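In this note's numbering, the protein residues as written are 76 to 163. The structure appears right after this line, and notes come after that.
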């Protein structure tokens, strides 16, 4: 099963914006295979793009994952020496 199907219940080509909005109605936590990138009005665009490129490279150097670009901004916290982001 691919990552999109495991998280959204449908294949990537069938995914709609409503599916993604509905997904974020519940609190979500990033994992090794699920990464959220938000778009903020503040900050340097090149820094944001670099962060996304790093996430993609990390997925390519591991078992893969699902990157959701444009996710709502969340709160960062530490848990068991790992950084997690809660997204609402």
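Glycine is no exception: its CB is placed at the ideal position from the N, C-alpha and C atoms. Nothing here was measured: the structure is a model prediction, and the numbers come from that model.
- Within a 10 Å sphere around the beta-carbon of residue 133 sit fewer than 16 other beta-carbons, which makes this residue exposed.
- For residue 95, the enclosing alpha helix (DSSP H) begins and ends at 92 to 98.
- Residue 89 has its alpha-carbon roughly 23 Å from the corresponding atom of residue 105.
- Counting along the chain, no beta strand (DSSP E) covers residue 120; the unbroken alpha helix (DSSP H) around it starts and ends at 120 to 135.
- Taking 8 Å as the cut-off, the beta carbon of residue 78 is found closer than this to the beta carbon of residue 141.
- According to DSSP, residue pairing for residue 142 in a beta bridge involves 110.
- Taking residue 146 as the centre and dropping the five residues before and after it, the same chain places the C-beta of 99, 111, 112, 113, 162 closer than 7 Å to its C-beta, in chain order.
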